[in-house]
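First comes the structure, then the notes that go with it.
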Amino acid sequence: MWLWLVIGLVAAQRLWELGLAGRNTKRLMAEGAVEVGADHYPLFIVLHASWLAAIAVFTPWTTVPDARWMALYVALQFGRLWVITTLGRFWTTRIVTLPGAPLRTGGPYRFIRHPNYVVASLEILVLPLAFGQVWIALVWSIANALLVAWRIRIEDRALEERRG
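The number in my numbering is simply the position in the sequence shown, starting from 1, with 1 added.
Structure representation (structure tokens):
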């Protein structure tokens, strides 16, 4: 029961975020924003969907999650919300840059250059651990680290001119 509740909530959250990101992307593009690195974007969708699917498929449905790992996962949601609210209308799941728009330097961006990737990476590690799935945590964390490293290089190049 817990497994399906958690998987359902995480899936619902991700779908809501994709909707929000899509609306923000559409609005930014209408204002003259440019998307870069679109080629790798589907890999992130596959990564996140397969991560949740792997947890669902390989975890016995009667597994009770470890409360400490779940508490950490819940705490990470506050970090995710902090990033989304800090970026506001500029938050997307794609690399979309609006020439001339100032970069956000408040919120978690005061402390970390790419807080969204830190939060998402920790989520990918922590949720499977809550269900005792160490191998899922390791395999998907490695795959995510490779994708994120690629994405950060693309994003940093795209934002270079706006950093001044």
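Just so it is clear, CB atoms sit at the ideal spot from N, CA and C, and this is done for glycine as well.
{"Asked": "Cβ contact check for the stretch 100 to 120 and the stretch 129 to 137: 3 or more pairs under 8 Å", "Found": "no"}
{"Asked": "Length of the line joining the Cα atoms of residue 69 and residue 100", "Found": "43 Å"}
{"Asked": "Rounded separation between residue 109 and residue 79 - CA only", "Found": "11 Å"}
{"Asked": "Cβ neighbour criterion (16 or more within 10 Å) applied to residue 98", "Found": "buried"}
{"Asked": "Beta-carbon proximity check, residue 166 vs residue 122, cutoff 8 Å", "Found": "This structure cannot speak to residue 166, because the chain is shown only from 2 to 165."}
{"Asked": "Outcome for residue 31 when other beta-carbon atoms lying within 10 angstroms are tallied against a minimum of 16", "Found": "exposed"}
{"Asked": "Minimum C-alpha distance to residue 54 - residue among 148, 152, 157, 141", "Found": "141"}
{"Asked": "Separation of residue 39 from residue 76, as counted between CA atoms", "Found": "30 Å"}
{"Asked": "Residue from 134, 36, 95, 61 with nearest C-alpha to residue 149", "Found": "95"}
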